[in-house]
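> These protein sequence lines are chains X and U, in that order. Each residue of the first sequence is one higher than the last, beginning at 1 in UniProt numbering. Each residue of the second sequence is one higher than the last, beginning at 1 in UniProt numbering. The beta carbon of each residue, even a glycine, is placed where N, CA and C say it ideally should be. Before I ask anything, let me first share the structure, which is written out below as structure tokens.
Number of protein chains: 2
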Amino acid sequence: MSSTEPRRSIATVCLSGTLEDKLTAAARAGFDGVEIFENDLVASSWPAKEIGEHCAELGLSIDLYQPFRDFEAVPPDVLARNLRRAERKFDVMDQLGADTMLVCSSVSPDAVDDDDLAAEQLHLLAERAAARGIRIAYEALAWGRFVNTYEHSWRIVRRAAHPALGLCLDSFHILSRGSDPAAIRTIPGEKLFFLQLADAPRLQMDVLQWSRHHRLFPGQGAFDLTAFTRNVLAAGYRGPLSLEVFNDVFRQADPGPAAVDAMRSLLSLQETLGVADLPPAPELAGHAFVELAVDAEAEVRLTDALRGLGFAETGQHRSKPVRLWQQGDARILLNGSPAAAGASVGAIAVESADPVASARRAQRLLAPILPRSHRAGEADLSAVAAPDGTSVFFCRTGAGAADSWLGDFTQLPAAGAGAGVTGIDHLALTQPFDHFDEAALFYRAVLGLEPEPVTEFAAPFGLVRSRTVADRSGRVRVALESALLRRGDWAPGVREPQRIALTTEDALASARRMRELGAPLLEIPGNYYDDLDARLAPDPELVAALRQHSVLYDRDETGELLHFFTVVLGGRVFFEVVQRIGGYAGDGAVNSPVRMAAHRRQRAAALG
Amino acid sequence: MSSTEPRRSIATVCLSGTLEDKLTAAARAGFDGVEIFENDLVASSWPAKEIGEHCAELGLSIDLYQPFRDFEAVPPDVLARNLRRAERKFDVMDQLGADTMLVCSSVSPDAVDDDDLAAEQLHLLAERAAARGIRIAYEALAWGRFVNTYEHSWRIVRRAAHPALGLCLDSFHILSRGSDPAAIRTIPGEKLFFLQLADAPRLQMDVLQWSRHHRLFPGQGAFDLTAFTRNVLAAGYRGPLSLEVFNDVFRQADPGPAAVDAMRSLLSLQETLGVADLPPAPELAGHAFVELAVDAEAEVRLTDALRGLGFAETGQHRSKPVRLWQQGDARILLNGSPAAAGASVGAIAVESADPVASARRAQRLLAPILPRSHRAGEADLSAVAAPDGTSVFFCRTGAGAADSWLGDFTQLPAAGAGAGVTGIDHLALTQPFDHFDEAALFYRAVLGLEPEPVTEFAAPFGLVRSRTVADRSGRVRVALESALLRRGDWAPGVREPQRIALTTEDALASARRMRELGAPLLEIPGNYYDDLDARLAPDPELVAALRQHSVLYDRDETGELLHFFTVVLGGRVFFEVVQRIGGYAGDGAVNSPVRMAAHRRQRAAALG
């Protein structure tokens, strides 16, 4: 961490597990500090003093004890009870070695709408706190009974006028209500005691439920956290950037990767703020190759399929059991591996303007660097692991022989028939349920791809959500998919399918040719074409040709899509062939349920 | 089905799978008809004519083809396109043998706010439909662009004045907007072409998202479907009661049980409407026993634990390897079973005023009746299977020797120490993820228990939701629990825990006695008591005693709860001992996270 970078903290409530699990995960991901969420402490078997010592050993400061609720603007008897409660918590903080306590604006039926009373009582609390060496950070909850905007909480803090009383700003509470964060700049920096950061998708729902279930790490949602945080830093805030994210998935996911995801979100935010020294993401120029790990049976299956799709075997790795199949700029590696079960995408490779810089950036963003065995004279490819375990290679296929990975392959005489494929259009990789948002952030931060909005569709065996990440030119494009709810025992669809979409300039001609070559293409039922005719009424001759060749169709304002599929090969991998006409930007998701039902039939037929 | 009962239908969209899966499940659950959801048909490999024939073979009529969207109040060129689209769908309906088409109120940007134009164009559509022997059922979507209340859709239908044009009423669209269903009675019955029923929890969110993700079967949510449906029947509606439920969980659950759940919801609704001849639920008078299936190791563990809790072994089954342990009215059976893995609740038994009638009602409500092997002279206990597979017995412990299940046990000399347990307070059974709402409906419909509201709390490894079902007197009480999201690989908590809560009149004395007897009680950390003191400030002497005995505490407006726990025994079962003071009505859920973290520590310690 450079000396000008802010400190980075995380609230324990962001992570799953016991307090012990959470602290370990936060320390391993490189956080400087934590907010201790009261419930985590209460359930812990470690006395507060031991927790404090343990944090110190892990190199974590305890930046905030939180939350303290329903304190201010109450009748005298309630105030007396609340002060007693606060003193007990000061005892705990003393043991912990924590010097700042978060006090949320009241939601209590005991409270009254009286800013003067609130200020007076908060002053009293701050006085008690100051006597213990503690500061009070007052925060307006978005659903606070009377105080629910930061402007209002600031008026009260200003009126209370005690040096041990300041504000806690929480991006969710402020941005969820549509408040303008610009006025934060008018608050003196020394009164900004704490900053909590959370992103969120834009949802039309009760703000309390939205906050408690759907927060995300910065960069995963729809809020402009860069602009928000810039205002806070411009006001002179010098405390940590601290994450407080309540999220149903993160609450039950492995805290190790979740903490890494959290740290990556802060590093990425710092980059957009200009307070991080990350190497910029080099420009990407397309998909270099896709490598499939195959067992012996799947290798035969894939070899036949690739031949049927018009690919030629053009290379054999000099030292590994890897074969290169090529058609146009589409390159598929088959890596025969005794450890493989069927076929799956083991690695994807992107063309980088500077592979070494890409890898350096990835490492700074906590992507695990993969060790590569390569012999003298072979290319030293840089690779990192994506959240789903897929290897991501950075390479320059067009570089001189010394640098290009192609130099590692002996060239075979090309014998492919050719079927019009010119390259790789995109990949679609189903993500493990707990890693969907993490994956989008990974590709955005590490590779510099832009995430498109999350979409959902109803598939035969449950809802599916999808988010495509792509470079600005659309030459690198990865669709991340996941079930909306983790699937259970009854889910006869393909488990975690992976799709390799190839580009053609004439889908009908490619389909005809591939069928002649024996490609295992997927049959689409007639009902689909009847519905297509009813819905979009394409030219009847086109519908007839689509029907004949089992090619699907979609249209948007700017263009058309023709696409078709192979059956599922080796358990989870299949190919798509895509023709884009005009500016059609999507991936034909409207046709996915039909394709999925057809794959289900194919599997059922194969099993029966 | 009696001749006065309405027909029962289900929309294919309610169920997971391909159309083939859905139709099979609907027929097996006893539905009379289906609504064919267009997307299901489009993805099916069966031509429409074959689908129609298949439905006929299954005994299912096709009561509705749905939905047809964005038809009315459009410019002439769009109208021409929409009529063409409709004719294509009439072709499909002709093949299917379906005579009613659902037309949803428009959400199209092409539409204009002109009731006269809408009526005129719907008249035209009805004319075309009538020529094909088809009727049009017009439905106001809650988010329709101009038409979003049933009163508005009825004004348009009345103005259109065509015999082949009527209304489709959907309870969700009407009740979600808070419309008063009473005015439905003013609509002539012959203009009510179709009735779709869906329940839902009360959620403050965008109505479209609420509808698409969170609908439930009648009786599972917060809507008053009895009053709603009564209005529709009073208007003279004679069509089917048809379910149209979009639900994220049902969309991916096994369609077999889901269809049974759906049918049970309709049978139960008919009962409250007075149009079903179900035998009423006999009164229940408490928990008769809980039977644990145990392997050899778990049997030793449970035997020791029961002894430590003050239970006495009071009986041995005459023909089965089942031992009866008793203390007060709490009875636990240990069923040594080679098929068991550890310990789990295999059966629960309730005291029924009429066990035979209870079983007859359960059977009518599609509860699987369990075959019982019993010898001559042994009680013929009636039992059914709950959705999680637990057997539910109906019995009369206090009946004469001939009838009571106790007569099947040889009496042993009671040697239990006694520790103040007087009976079973409640059970808490974790439900399989896909069966949570089904379970609540099962206990409500089959046993006549009342469901309390769903609650949620943050547990160490993810959110947990809970819903208690209880008889009016609270003597039979089952807390159904489930993870809010299905857990994945990282979830080191107890998998699907089951809790048996025993009653005491003095928790501190019971805890002291049980500790003397060697019961494996769960240790609660000191932080809990510090927080309890800060939060509720109970009498310091009480806090000290609670702390000493690891007894937890809660308080509400009407009373107090003192409770403590054993460790987890045999993998997933543990005991709780509960003292209720005054009218305390809950189950101490506020303390669950602390208890769960303590159980996690216990397991970790046992493993380490």
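Taking all protein chains shown into account, decide if residue 2(X) is buried (16 or more other Cβ within 10 angstroms of its Cβ) or exposed.
Confidence at residue 2(X) is low in this model, with a pLDDT of 45, below 50, so the placement of that residue should be treated as unreliable; the coordinate-derived value is given next. With fewer than 16 other Cβ atoms within 10 Å, it is exposed.
> Apart from the five residues just before and just after residue 622(X), which ones in its own chain have a Cβ nearer than 7 Å to its Cβ?
Because chain X here runs from 1 to 608, residue 622(X) falls outside it and cannot be looked at.
> Quick one: using the 10 Å Cβ neighbour count with 16 as the cut-off for buried, is residue 270(X) buried or exposed?
Counting Cβ neighbours within 10 Å, residue 270(X) comes out buried, since at least 16 surround it.
> Flag this pair as yes or no: are the beta carbons of residue 498(U) and residue 598(U) separated by less than 8 Å?
No; because the gap between Cβ atoms is not below 8 Å, this pair is not in contact.
> Thinking residue 387(X) and residue 442(X) are a contact (beta carbons under 8 Å), I'd like their distance in whole angstroms, please.
Right, their Cβ atoms sit about 5 Å apart.
> Who does residue 68(X) pair with in a DSSP beta bridge?
103(X).
> Report the option in 308(X), 309(X) and 300(X) whose CA atom is closest to the CA atom of residue 336(X).
Of the listed residues, the one whose Cα sits closest to residue 336(X) is 300(X).
> Looking only at C-alpha atoms, which of 500(U), 265(U) and 114(U) sits nearest to residue 306(U)?
The candidate whose alpha carbon is nearest that of residue 306(U) is 500(U).
> Can you find a CB in chain U that lies within less than 8 Å of the CB of residue 205(X)?
With 8 Å as the cut-off, residue 205(X) counts as an interface residue toward chain U.
> Which of the three DSSP states is assigned to residue 481(U) in this structure?
Of the three classes helix, strand and coil, the one that applies to residue 481(U) here is strand, per DSSP.
> What is the DSSP secondary structure of residue 307(X), counted as helix, strand or coil?
Correct three-state label for residue 307(X): helix.
> I want to know whether the segment 407-423 of chain X touches the segment 313-324 of chain X - three or more CB-CB distances under 8 Å.
Yes, the segment 407-423 of chain X is in contact with the segment 313-324 of chain X.
> Going straight from the alpha carbon of residue 445(X) to that of residue 384(X), what length do you get?
Approximately 13 Å, taken between the alpha carbons.
> Cβ of residue 433(X) less than 8 Å from any chain U Cβ?
So yes, residue 433(X) belongs to the interface.
> Among 309(X), 158(X) and 576(X), which has the Cα closest to the Cα of residue 518(X)?
Per the Cα distances, 309(X).
> Taking 8 Å as the threshold, find out whether the segment 553-570 of chain U comes into contact with the segment 505-525 of chain U through three or more Cβ pairs.
Yes, they touch.
> Looking at C-beta atoms only, is the number of pairs between the segment 150-162 of chain X and the segment 125-138 of chain X that lie closer than 8 Å three or more?
At 8 Å Cβ cutoff, the stretches touch.
> Beta-carbon within less than 7 Å of residue 37(U)'s beta-carbon, same chain only, minus the 5 sequence neighbours each way: which residues are those?
Result list for residue 37(U): 11, 12, 13 and 66, in chain order.
> Across the segment 172-181 of chain X and the segment 208-221 of chain X, are there enough close Cβ pairs to call them in contact, namely three or more that are closer than 8 Å?
With a cut-off of 8 Å, the segment 208-221 of chain X and the segment 172-181 of chain X count as touching, because enough Cβ pairs lie within range.
> Strictly under 8 Å for the Cβ-Cβ distance: is residue 89(X) near chain U by that measure?
Residue 89(X) counts as touching chain U.
> Can you find a CB in chain U that lies within less than 8 Å of the CB of residue 2(X)?
Legend: pLDDT at residue 2(X) = 45, less than 50; position of this residue unreliable, value from coordinates given subsequently. Chain U, which has no Cβ nearer than 8 Å to the Cβ of residue 2(X), makes this no.
> In terms of residues, what are the limits of the alpha helix (DSSP H) holding residue 140(X)?
It is not in any alpha helix (DSSP H) - residue 140(X) carries neither H nor E in the DSSP assignment.
> Output yes if chain X places a C-beta closer than 8 Å to the C-beta of residue 490(U); else output no.
Yes, because at least one Cβ of chain X sits closer than 8 Å to the Cβ of residue 490(U).
> Hey, would you say residue 164(U) sits closer than 8 Å to residue 119(U), going by beta carbons?
No. Outside cutoff.
> Apply the 10 Å Cβ neighbour rule to residue 571(X) and answer buried if 16 or more other Cβ atoms are within range, or exposed otherwise.
The residue in question, residue 571(X), is buried, as its Cβ has 16 or more Cβ neighbours within 10 Å.
> Does residue 11(U) get closer than 8 Å to chain X when you measure Cβ to Cβ?
Chain X contact via Cβ: absent.
> Kindly list, in the order they appear in chain X, the residues whose Cβ is closer than 9 Å to that of residue 253(U).
Chain X residues near residue 253(U): 462, 488 and 490.
> Report yes or no: do three or more beta-carbon pairs, one from the segment 340-347 of chain X and one from the segment 270-287 of chain X, lie closer than 8 Å?
With a cut-off of 8 Å, the segment 270-287 of chain X and the segment 340-347 of chain X do not count as touching, because too few Cβ pairs lie within range.
> Just to confirm, is the Cβ distance from residue 166(X) to residue 106(X) under 8 Å?
Contact flag unset, no.
> If we require 3 or more residues per run, which beta strand (DSSP E) segments fall completely within the segment 381-414 of chain X?
Listed in chain order, they are 382-385, 391-395 and 409-411.
> In whole angstroms, what is the alpha-carbon distance linking residue 543(U) and residue 48(X)?
Those two C-alpha atoms are separated by around 19 Å.
> Does the separation of the CB atoms of residue 265(U) and residue 221(U) fall below 8 Å?
Cβ atoms of residue 265(U) and residue 221(U): not closer than 8 Å.
> Can you give the beta carbon distance from residue 394(X) to residue 404(X), rounded, assuming they're within the 8 Å contact cut?
In fact, because the Cβ distance is near 13 Å, the residues do not count as touching under 8 Å.
> Leaving out five residues before and five after residue 452(X) in sequence, what residues of the same chain have Cβ atoms less than 6 Å from its Cβ?
Excluding residues within five positions, the ones whose Cβ falls inside 6 Å are 468.
> Going along the chain, which residues of its own chain have a beta-carbon closer than 6 Å to the beta-carbon of residue 252(X), five neighbours each way excluded?
16, listed in sequence order.
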